[in-house]
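Read the structure below first, then the notes.
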């Protein structure tokens, strides 16, 4: 699942591919924004952990995983 996290006062967004389902990511974001957790903690496909302070989250975009295209075929 592709996740984009916008952070306040930062011009770039954090983009990661996670093996979690959309519901799991949404519940983690809801817990962070609801005050149950101080940090939004997500792990990407390579095992790296991303921590974002909950009070600095501007937006979270949850999308479908992108498949890699192979070859030189027409789009």
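In this note's numbering, the protein residues as written are -4 to 70. Think of the CB as a built atom: it goes at the ideal place given N, C-alpha and C, for glycine as much as any other residue.
Check	Outcome
N-terminal and C-terminal residue of the alpha helix (DSSP H) that residue 28 is part of	17 to 28
Buried or exposed (CB count within 10 angstroms, at least 16 for buried), residue 22	exposed
Bridge-paired residues (DSSP) for residue 1	54
For residue 6, the residue or residues it bridges with in DSSP	Partner(s): none; residue 6 has no beta bridge.
Counterpart residues of residue 47 in DSSP-defined beta bridges	35
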